[in-house]
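Residue numbers (this note's numbering), protein chains in the order written: chain A, 3 to 283; chain B, 1055 to 1273.
For glycine and all other residues, C-beta sits at the position ideal for the given N, C-alpha and C.
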C-alpha cells in the first residue's frame, strides 16, 4: 500500500485502531448484505464487519444501512460506501457542501511566509461581504476537521459609513492537501471542478448547495418566474455543474455567455458564462 | 496592448492598490500613453458589471483602482477580477457615449423590434405560438460614460436580461462613483444588444404565454 503514512491512514479508516488480521475467534453475527464480492455483517455485541471474498478487511462501530448500499463513517468528512458497484470513498454532505463553497468563493493556497522562502504556509480561506457565509464556512470547518478557523474583520469607509468584509481562514498543510486531492480547485486561477467520483445523490445536492451559497443568483422575472443562475468565468466548471444538475433531473439551459461591445470595434469578449435553471412557483 | 489580471477573488482586498502599483512600476514605460483599469463584478441577481477607468498618470492607478474596487464590491457581492490594459495610444477616445437615458431606451425598443423580426418566424417559436403571447428575453448592455478629474474618463457597463434592474444598477454605480469623488458627472449612455449573435437557448412555455430566452452560445 505504499508509504508508512498511507498504511496508518488505511488502518485508521478501516480498522479503527483494532488489529483485524491474524486469527480471530468465531463470533456470532448476522448478515446485513452481500454486494458482489463484498459482504457486510453485524457482529453480536456491536459493530460491523466488512468482508471481501470471505476475508475480513474492515471493522466499524457504526453503519448506515440503506436498501442498495451500506455506508460506514470514516474520518475528516469521508464515508465508505459498499454497493453492487463495489467499494468507494464518498464525501459526507457537510464536506461536499464545503467543497462547493470553496470551489465558488474559497481559496486553497500555499505561500512563503518569509522573504527568504524558507517557511511555507498553507491556507484554506473564504472571503465575503456576507457574515452568514463566513459563519457557514466556519461551522463546516469545525464539523469536518475539528479546527477553529481564524476570523479577520476588515472595513472600508464609504461616505462615512463603515462597510465590513470578512475573511475566515485555517492554516493547515494536512487540510490543504486533503482538499487538493479532491481536485476541486486549480491548477489555474478560477478553475474549479465537481468531485464527481466522491459524490452520492445526497452529496450532489450538497455540492450544489455549497456552490450556490457562494456563486448562485436568484431573480424574479416577468410572469413571476423565479430563475436561478450560476455564473463564472470558467466554462468547464460550469459544464460540470450543468452535468450535475442533469443527473439530479433538473433542466438547466445550455451554458451561454454575455458579450460586450468594447474597442477595438467589433471585438467580442467572452467575459462571463452562465447557466440557469428556471422554476415557476 | 498588454492586458494583465492584477487581482482576483481570493486575494486580499487590501492588496488591490499594492498589486496595481507593482504592475505599473514594472510595466509602465515611456511608450505607454494610457492604461485602462477594469473591475469585473456581479450582483446577487445575476447582473454582471464592469467599471473601466482610463488613466494617463501612472501614480494615480493604485489608489483609483482601489476606489473602483470598493464601489464595485458594495454594489454587488463579488468582484471577479481586476485587469490593467496598457496602451501606447490614447484608447479612451474610442469610447464616447452621449445619449440621454431616454434616447437609450428608445434605442432599446428598436433592438427589441429587430429581435422580434428575427425570431418570430423561427420554427421552434412557430411550433409553440398557437394562441400564446410570445416574449423574447435577452441580455441588454447599458454603458455609461462619466467625467472624472483624475481619470481621463470612466465607463460603467451593466449586463442583464431585466432592463429595469440594469438601469437601477447603472444609476447606483454612477452615483457611488460620484459620491466617492472618482467621477464628476455622467456624460451619457449607450444601449447595446448583440442581436446578430443571439440564439434560442431556452423556452418557458405556459398556457397563454411563452418566454423565449436568447443569448450568445458559449460554443
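Burial state of residue i, where buried means 16 or more other Cβ atoms lie within 10 Å
i	result
residue 77(A)	exposed
residue 229(A)	buried
residue 97(A)	buried
residue 1140(B)	buried
residue 255(A)	buried
residue 1265(B)	buried
residue 55(A)	exposed
CB contact below 9 Å: residue i versus chain B
i	result
residue 223(A)	yes
residue 270(A)	Low confidence applies here, because residue 270(A) scores a pLDDT of 37, under 50, leaving its location unreliable; read the following figure in that light. Yes, its Cβ sits closer than 9 Å to a Cβ of chain B.
residue 260(A)	yes
residue 34(A)	no
residue 237(A)	yes
residue 39(A)	no
residue 88(A)	no
residue 43(A)	no
residue 174(A)	no
Min CB distance residue i to chain A below 9 Å
i	result
residue 1272(B)	yes
residue 1132(B)	yes
residue 1228(B)	no
residue 1105(B)	no
residue 1096(B)	yes
residue 1177(B)	no
residue 1173(B)	no
residue 1248(B)	yes
residue 1217(B)	no
residue 1186(B)	no
residue 1241(B)	no
residue 1067(B)	yes
residue 1122(B)	no
Nearest-angstrom Cα separation, counted from residue j out to residue i
i	j	result
residue 124(A)	residue 1111(B)	38 Å
residue 169(A)	residue 106(A)	15 Å
residue 1114(B)	residue 1185(B)	60 Å
residue 1117(B)	residue 131(A)	21 Å
residue 1203(B)	residue 262(A)	26 Å
residue 1215(B)	residue 85(A)	46 Å
residue 250(A)	residue 212(A)	15 Å
residue 1121(B)	residue 1133(B)	13 Å
residue 234(A)	residue 245(A)	15 Å
residue 126(A)	residue 157(A)	21 Å
residue 1227(B)	residue 1093(B)	12 Å
residue 1210(B)	residue 1220(B)	11 Å
residue 1142(B)	residue 1206(B)	15 Å
residue 94(A)	residue 1271(B)	35 Å
residue 240(A)	residue 45(A)	46 Å
residue 1200(B)	residue 215(A)	34 Å
Rounded distance between the beta-carbons of residue j and residue i, thought under 8 Å
i	j	result
residue 1145(B)	residue 1090(B)	6 Å
residue 1062(B)	residue 1152(B)	Their Cβ separation, rounded to whole angstroms, is 34 Å, which puts residue 1062(B) and residue 1152(B) out of contact at 8 Å.
residue 100(A)	residue 146(A)	6 Å
residue 149(A)	residue 121(A)	Rounded, the Cβ-Cβ distance is 20 Å, inconsistent with contact.
residue 1095(B)	residue 1127(B)	7 Å
residue 1178(B)	residue 1059(B)	Actually they do not touch by this definition, with Cβ atoms about 39 Å apart.
residue 1249(B)	residue 1168(B)	5 Å
Unbroken alpha helix (DSSP H) runs of length 4 or more, entirely within the region 1110-1173 of chain B: which are they?
-> 1115-1129 and 1155-1173
Pick out the complete beta strand (DSSP E) segments inside the region 109-143 of chain A, 3 residues or longer, and give them in chain order.
-> 122-130
Run through the region 165-250 of chain A for me and flag every whole alpha helix (DSSP H) of 4 or more residues, listed as ranges in chain order.
-> 175-182, 203-217 and 237-249
Every unbroken beta strand (DSSP E) within the region 63-106 of chain A, with a cutoff of 3 residues, ordered by chain = 65-68, 71-75, 80-85 and 88-93
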